[in-house]
């Protein structure tokens with residue numbers, strides 16, 4: 205292969221690579237990126253704040269129930285301790301075993317109700333997310349965004365790319381109220 209053929213081949217390679225880059229650059233300019241701060245959106249949505257209020261009421265009722273049950277267990281424990289010297293060791297041991305069963309059932313009830321609240325919160329927030337999706341897609345179309353990233357997934361974004369405030373305003377206008385349904389406890 206002579207020098208002319210080598211130079212011509214090199215020229216064709218450079219032409220192919222540079223034309224490929226310009227085609228890629230032209231297609232890449234069609235992609236518009238938007239940025240959302242999902243944490244801020246979930247914090248600022250009135251429907252989510254209402255869900256938190258509903259769950260807080262249920263949680264407060266559970267706490268009152270737990271406080272009463274704890275007091276009852278403390279009183280029973282104190283009564284058993286007072287009877288220690290008055291009753292037979294076998295009867296005392298039986299009372300302690302029975303008390304320990306009640307205390308274990310109480311701890312299990314607290315765990316179950318805590319899990320129940322968590323599952324209820326997740327179910328309500330999933331309903332919010334399902335209502336959010338078409339609204340966010342519409343806003344993406346309005347802004348011409350073809351990609352939307354959560355702010356936590358990127359290192360830096362210019363302010364014009366951040367659609368968070370617009371999304372919060374639109375979602376607060378559009379999302380309907382969600383009644384929190386307490387997930388039933390599974391009997392084991």
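In this note's numbering, the protein residues as written are 205 to 392.
A virtual CB, placed ideally from N, CA and C, is assigned to each residue, including glycine.
It should be emphasised that the depicted structure is a prediction, and the values quoted were computed from it without experimental measurement.
The way I'd put it, the segment 299 to 319 does touch the segment 261 to 279; three or more beta-carbon pairs between them come closer than 8 Å. Per DSSP, reduced to three states, the secondary structure at residue 326 is helical. Between the segment 344 to 364 and the segment 246 to 258, the count of C-beta pairs closer than 8 Å stays below three; the two stretches do not touch. By the CB criterion at 8 Å, residue 386 and residue 251 fall outside the cutoff. Taking a contact to require three or more Cβ pairs closer than 8 Å, the segment 321 to 334 and the segment 287 to 302 do not qualify as touching. From the listed residues 379, 389, 369, the smallest Cα separation to residue 244 is found for 369. Along the length of the segment 252 to 325, whole alpha helix (DSSP H) runs at least 4 residues long do not occur.
Here the alpha carbon of residue 355 sits roughly 36 Å from the alpha carbon of residue 389.
Annotation: the segment 336 to 385 contains the following complete segments of the alpha helix (DSSP H) (minimum length 4 residues), in chain order: 368 to 378. Residue 239 is bridged by DSSP to 353, 366. Your pair residue 344 and residue 375 does not check out as a contact, with CB atoms roughly 13 Å apart and the cut at 8 Å.
Here residue 241 is buried: its Cβ has 16 or more other Cβ atoms, across all protein chains shown, within 10 Å. Excluding sequence positions up to five before and after residue 317, its CB lies within less than 7 Å of the CB of 266, all in the same chain and listed in chain order. In this structure residue 296 touches residue 287 by the C-beta definition: roughly 7 Å separates them, less than 8 Å. For residue 373, the closest alpha carbon among the candidates 239, 238, 249, 237 is that of 249.
Between residue 277 and residue 308 the beta-carbon gap is near 11 Å, outside 8 Å, which marks them as no contact. About 5 Å separates the CB atoms of residue 367 and residue 238; that is less than 8 Å, so the two are in contact.
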